[in-house]
Amino acid sequence: MKKFTSKTQKVGELGENLAVKYLKNKGFSIIERNFTFQGGEIDIIAEQNNTLFFVEVKTRNYKNTPLDKISEYKPEENVTPKKRERFEKTVALYEGSHDVEKYESIKLVCMAVYISGKDVRVDMIDF
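The sequence shown begins at 674 in the numbering used here and counts up one residue at a time.
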């Protein structure tokens, strides 16, 4: 696991940990975290029901603003075309170096993690 130092990195790590917890609670098995290859990264690789999931996590910390009072956060808006291209390239590199043919399907998803004090909401959105 990486060691993060900036506030943004710490929030990102917290979001990834919360996303993993969410996935496990929904019956997913976590295969790998923070897979990096040739400058790209996949935050979480998980499986469920013979489907392989490649997950990009985006986290927002709203301090103490109630989650029902925040404007809707759209994580895909923070995934620029360049970031998405790098993500897809890293997925392809992973597929080329791992046995993924055993899965019936592969999904690329973005998980939005909203944090407000002790309240947390997690949404999973298909890329």
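Beta carbons are placed, not taken as given, at the ideal position from N, Cα and C, and that holds for glycine.
Please work out which residues of its chain come closer than 8 angstroms, Cβ to Cβ, to residue i, disregarding the five sequence neighbours upstream and downstream, and give them in chain order.
i    : result
V724 : Sequence check: residue 724 is Thr here, not Val. Within the same chain, T724 has close Cβ partners Y776, E777, S778, I779 and K780.
L766 : F710, Q711 and G713
I703 : V693, L696, K697, I717, I718 and A719
K736 : S789 and G790
R759 : G712 and G713
Based on the DSSP secondary-structure assignment, which residues constitute the bridge partners of residue i?
i    : result
V795 : V786
L696 : DSSP output for L696 lists no bridge partner at all.
For residue i versus residue j, is the C-beta spacing smaller than 8 angstroms?
i    : j    : result
I715 : F727 : yes
D620 : V782 : The chain is shown from 674 up to 800; residue 620 falls before or after that span and cannot be answered.
Pop quiz: residue i and residue j are said to be a contact at Cβ under 8 angstroms. What is the actual Cβ separation, rounded to whole angstroms?
i    : j    : result
F708 : Q721 : Not really, about 18 angstroms apart at Cβ, beyond 8 angstroms.
L740 : D772 : Their Cβ separation, rounded to whole angstroms, is 40 angstroms, which puts L740 and D772 out of contact at 8 angstroms.
Given residue i, which residues of its chain have a CB within under 7 angstroms of its CB, disregarding the five upstream and five downstream residues?
i    : result
L691 : V786, V793 and V795
Specify whether the segment 729–738 and the segment 784–795 touch according to this definition: at least 3 beta carbon pairs, one from each stretch, less than 8 angstroms apart.
-> yes
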